[in-house]
Each structure stands twice: as C-alpha cells, then as structure tokens.
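The structure appears right after this line, and notes come after that.
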Amino acid sequence: MSMKRTLFLILPAVLFISIFMLIPLMIALVYSFMTSDSYGGVTAPATFDAYIQLLYQQDFDGSLIFSTDYLFIILRSIELAVATTLLCLIIGLPVAWHIVCQNASRRKFLLFLVTMPFWINTLIRTYCWVLILRDQGLINMTLRNLGLIMDPLPLLYNDGSILLGLVYTFVPFMVLPIYSTLERVDTRLIEAAHDLYAGRWQVFRRVIWPLAKPGIVAGSILIFAPALGSFLAPDLLGGGKKLLIGSLIQMQFTSSRNWAFGSALAVLVTATVILTLIISSRRNKVGEVRI
Amino acid sequence: MSWISKRMLSKLAGVALATLLPTAAFAADAGELNIYNWTDYTSPDLIAKFEKETGVKVKVDTYDSNETLLAKLKSGGGGYDIVVVSSDFVPIFVKEGLVQEVDASTMPSFKNLDPKWQKREWDVDAKYTVPWVWGTTSYSVDTAVYKGPTDTLKSLFEPDASMKGKIGMFGSPTEVISLALVYLNKPQCNTNPADLKQLNALLEAQKPFVKVYNSDGIIERMGSGETSMHEQWSGGALRARWARSTVKYVYPKEGAIGWMDNIAVPTGAKNVENAKKFFDFMMRPENVALQSTFSGYQNAVTGSEKFLEDKLAKAPEFNPPADLKITFAPSCSPKAIKAYDLIWTKLRQ
C-alpha cells in the first residue's frame, strides 16, 4: 500500500478525533481562562479566577479564604475511580481466564452473556439497583420475610452503593480486553511452566499475568477514565449527599452558572487521565524490557 | 457492509423520500408550531385539540431545566415558536432579548385570566407571556409514620429524632434554599453574611436527617415509603397521595414558595402568528383544563374548574388556602448565586 493511500485511509479517524475531541477540549481550555457570565456562558477579560477558586473561596462577607472543599471532592472521586478499577480487575481477570479455558461454542455463549448488559440503557440498569437496594427493595424485603432482620439494612445512598453501581457498569470493559489478549496465548507456555515444576501461583504470577498485562492495562484505562467523570451512579445511588467531580462539573454549567470553573474542573480531570496514561505506558515499557 | 446491497440502498432512499413528501405538503398548507417545554409537561390531548381546531401541525421538544433553555436560546436557536419559562427566569429572558413582544393583553381571551394573574410581577403588562400552569413548593409527610405537627416548616428543617435518615430534599440549591429562607423569615436572594451563616447552619444541622437530595423520583419515594417526609411540588404531592393515601401535603404557617411557568415566543421564531393562536387558545378554560388535568397543577383561567374531575378540582394540593403566604422567589443576583453555591457545595462536600 502506498504512503498516500495510507494517509487517505486514516484521514476519517484523524478528522473525527480532532472535530469531536480536540476542538471541544480546546474550547474547555479557553473557557477555563475566561470570566463567567452571570447567566451562563463566558465573557472577557481572561483571568486565572477559575483555577484560584480550586483553593480559595469567597466567604459570605466577600473575603478570600483557603478552602479544601474542592480538593476533597476531587480526591474522593479519584479514590472511587481507583477502587472501581481494582475491583473490576479482581472480578474481571478470573472471568476472562475462565472463558478462555472453555471450548469454542461455550466461549461464544459466555462472551454473549458478558455483552448482554449493553443492550439495556445504563440509566435503567443503574435505577434497577435502587429498586434492589432500597429499604423496601428486593434484598431488604427478602431478609425481612425470612425473619433475619427487623429493620432494613442501609444498603442504598452511601459510598458502597456508588462503588457497586460503578463496578457493575464497568466490569465488562475489563473482561473483554483481557479475554482478547489471553485468547491468543499459546497454551503450551503454561504446560511448559508446569513441566518445569512451577506451582499454580508461579504459573499465574510468571506466565499468565505478564501475558494478560496489555489487556489489563487497556481495561484499566477504559474504566478509570469514565469512572472518574461519572455522575449517573453517584447521583442515583449516592443520594446526592456527597459530591463527586462529575456532578460538581455538571452543577457549574447549570445551577451555579459558573462555566469558567466548570471548564477548569473538566480540564483538571482530562489532565489527570492523560497523566495516568503517560505513567502507565512508561511503566509498561519498563515491564516489556524486563520480560 | 456487504449485506446492504446497492439496490437495497436505493429502495431505502425511496421509502425515506415517500415518507417525507406528504408531511412537507401538509406543512405548506396549515403551517407548523414548534414547542419547547419541560419533560412530561405537555398534555397530548391539548395538542391534539389545538391541531384539530387550527390545522396547525405541532411538534414538541423537551428540556430539563431553565438553564438548559437559557443556554439553547442564547446559542441562537433551536427553531422554536413557543417556549415555557419559569416566573423567576422571565425577567432574564426579557433582559437578554431572547423573547419577543406579543401583547397578550390585546388578545380576545385575555379577559378569561383571573384578574390576579393578569398583572404578574415578572411581566406586568403581559407584553411577553401568558401563564401556563402554577403551583406551590412545600413538603409532604407520611402521616402513618410521622406523628408530629404538620402545619410548620420546622418539622422539615429542624426535625425530631423520629425522622433521622427519612427526609428527602430537592437536588437543586435554589429550591432548597428559597424554602429555608421562608422558614427563617429572611428575604429571598439573600447576600447578608449573618443571614447566610444562619442558613448554612440550619442546612448543616438538617443533613443527618436527610436521606437523599434529589428532585427526581419523589413520587416513587413517598409512594413506596422510602422517605417519610419530602420537599415537594404540590402536583407531585397530589400524585404521591394517590399512590399512598396517608401522604399529606403541608401548607406551613410560615408560608410556601410559589412558581408559575409562562409561555413566551423566542426572538426570531418563524411561526409567530401560530404562536399567538396558541396563546389565545391557552387562555380558554376548556383548553387549559386539559393541561391542569395532565400535570396536576393549577391554571390561571377563571371557570376552568368546571372542566376538571372532582378528584383534582377538590384536592387540597390543588387549592392552597386563601391565607397561605406564597412567595414567588425571583431569580437571584450573581452574588447571591455564588453564596448559595458555597453553601450547597459545603453541604455535600
């Protein structure tokens, strides 16, 4: 294939990414350095106010005070996204391995099951958890009818229920990339490891884990980035009592009418994600050298 | 994609054209009207009746907040002929030049409006708008669970121990804060530091009693008993009572918040004449009654009660007592919004 033709073929992808990703990102970056208009939108002059607001807030009497409110919200969001990614890995890796170990027709069926949740809207699936977890929900009613509890367990509207909702939504994104890397693994490598008297743990640690790593990295990125900005699960399952960065950003563009600050927060999230990507790709390279 | 053959594609294009043509022809005859309204807030019967009477083809598009509407009109369009704006936002839309003068007071059925709604604070001469429906904001309690007083906002904002973790509040800062200010007997859109501190302390102290801050799904939560007390709109409380008979909508002695949605014509609308027809149509009692029936909210037209079912027309939620102090909260200054934002963020930090 000639060079020209290659360029021509990748053109749609380049155009798509620049129009739908780079330009909006640039707009957000520019907006974050503008002054918010009172009724939404931004105006001149350019300032750093939006970034200053991350650490300093105007108190009721107009004085600037140091405040860690936003930092806490950002930190909590990152914690939750990391926890979601780790839990998805713990659940997703064995599932992917199990599917790989089946015969062809069973594999197809199991993969079909993994992708089935995508057929239903995320909002509806998340709302179903409300119906399951609430005081009059499936779990509490069952336990009460069995006589195991008197008062309903507080299952809904806490950090745990948010985490559950996020893990539930994102776990297929971990299973699928790990599966697709493990699928191509030469099983003789594992047999060879056993022949060389490697234990089960050693086989996993020294053979399967390194081979699955590209899939694990891909899955982690696919989950960490959207989990960081999600606001559906936090709003529905968290009861809106604790802000996460996704809801915080959404709030700036609606009731707070502070588009500049909303843009600054969005830029911050994007920067965090990009930084994580760079670090993980670096670490991966180190890993490859070691293998 | 090999499964779509060229022949199939041309067939599909033919079908698409065939479905487009008759609509285009129809539109040329009778004209159209594009309405932009809140979600689940346009009576289908009302639209059908309007289409039948005038031959105008109506299209309805929906949004979820005044801010969305504001952003859309500010960005130049959407091609709408009728928009529905809340009372507090009407002055903003007028000031920003987003709606045009239609002189509703010169329309034939303007006289049908209840005199107290002919002059509204936010559009005194009815130059731009006429009322859609209106209602009150207060709270409802489940009287099977809550045995305390149900005539005061104190039960909501300074609840007794039995309500720990059983209260629901709206998810929007302005609506929580405006009702709290009524309870504190302080002016709306407050920027006074002392008042704001008191407000902040009140909401912080209420938080342990609050199970959820969310404006959606309130009827569900009250109907199922998930919450036993919830800040709510009057029409929602009515439907919650239909779902669970022990739910009671409270008219507090301190007063309640009132709101009204108003129809207006955006600047640059294409079908202004049809929009005016719709204005006039909406001020006739038999028509506006359809909208009240659908939404459960009061309208501003005298004599529309005759066209309502008793279970709505006689409902306490639909008939606020004459001595209820209703505050129509205005849209706040950027300074007040900033202070509210600070309180709201701290509360959910």
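Protein chains in written order, with the numbering used here: chain A, 4 to 294; chain B, 911 to 1259.
Every residue, glycine too, gets a C-beta built ideally from N, C-alpha and C.
On a predicted model such as this, the values are computed, not experimentally measured, just so you know.
For R147/A, the closest Cβ of chain B is not nearer than 7 Å.
Closer than 7 Å to the CB of L246/A there is at least one CB belonging to chain B.
Here P1083/B carries a helix assignment [DSSP, helix/strand/coil]. Under the 7 Å criterion on CB atoms, I1002/B is classed as interfacial with respect to chain A. Approximately 6 Å separates the beta-carbon atoms of V270/A and L32/A; this is inside 8 Å, confirming the contact.
Contacts between Y160/A and chain B, judged by CB atoms closer than 7 Å, involve K1121, V1122 in chain order. Between Y1049/B and V1122/B, the C-beta gap is not smaller than 7 Å, which leaves the two residues out of contact. Taken atom to atom, the span from the alpha-carbon of G241/A to that of S1243/B is near 31 Å. Residue range 125-136 is occupied by the alpha helix (DSSP H) that includes V133/A. Residue Y42/A holds the alpha-carbon nearest to the alpha-carbon of D998/B among Y42/A, F11/A, L28/A. Below 8 Å, too few C-beta pairs join the region 231-238 of chain A and the region 181-194 of chain A to call them touching: fewer than three. Taking 7 Å as the upper bound on Cβ-Cβ separation, chain B lies near residues Q61, F63, D64, D72, F75, I76 of the region 61-77 of chain A. C-alpha of I165/A to C-alpha of L89/A: approximately 15 Å in a straight line. Judged by their CB atoms, S953/B and N976/B are not nearer to each other than the 7 Å cut-off. In the DSSP assignment, T87/A falls within the unbroken alpha helix (DSSP H) covering 72-103. Of the residues assessed, V1034/B falls on the exposed side of the cut-off, its CB having fewer than 16 other CB atoms within 10 angstroms. At least one beta carbon of chain A lies nearer than 7 Å to the beta carbon of A1249/B.
In its chain, beyond the 5 residues on either side, E1215 have a beta carbon closer than 7 Å to the beta carbon of A1223/B. Taking the Cα positions, T279/A is about 10 Å away from R285/A. With a beta-carbon spacing of about 29 Å, T87/A and A263/A fall beyond the 8 Å limit used to define contacts. The DSSP assignment places complete beta strand (DSSP E) segments of no fewer than 3 residues inside the region 1037-1099 of chain B at 1040-1052, 1077-1079, in order along the chain. Taking a Cβ-Cβ cut-off of 8 Å, the neighbours of K984/B in chain A comprise Y42, G43, G44, given in sequence order.
In this structure, DSSP gives L167/A a helical state, which the three-state scheme calls helix. What G163/A touches in chain B, judged by beta-carbon distance under 7 Å, is nothing: the nearest beta carbon there is about 15 Å away.
Inside the region 946-1015 of chain B, DSSP marks whole alpha helix (DSSP H) runs of 4 or more residues at positions 954-964, 976-984, 1000-1005, from first to last along the chain.
Around W1143/B, the same chain offers G1045, T1047 as residues with beta carbons nearer than 6 Å, after the five sequence neighbours per side are excluded.
Interface residue (Cβ-Cβ distance to chain B less than 7 Å): D52/A is not classified as such. In the three-state scheme derived from DSSP, where H, G and I count as helix and E and B as strand, W1027/B is classed as helix.
At a cut-off of 7 Å between beta carbons, R128/A makes no contact with chain B. Contact note: G1081/B reaches chain A through G243, using a C-beta cutoff of 7 Å and chain order.
Exclusion of the five residues before and after G1058/B leaves S1065, D1070 as the residues of its chain whose Cβ lies within less than 6 Å of its Cβ. One alpha carbon belongs to Q1116/B, the other to E1068/B, and they sit about 6 Å apart.
For the region 1123-1163 of chain B, the full-length beta strand (DSSP E) segments reaching 3 residues or more read 1139-1143, 1157-1160 along the chain. Residues of chain B whose Cβ lies closer than 7 Å to the Cβ of T257/A are, in chain order, S975, E977. Of the other Cβ atoms in all chains shown, 16 or more fall within 10 Å of the Cβ of W1032/B; this residue is therefore buried.
Under the three-state reduction of DSSP, Y34/A is assigned to helix.
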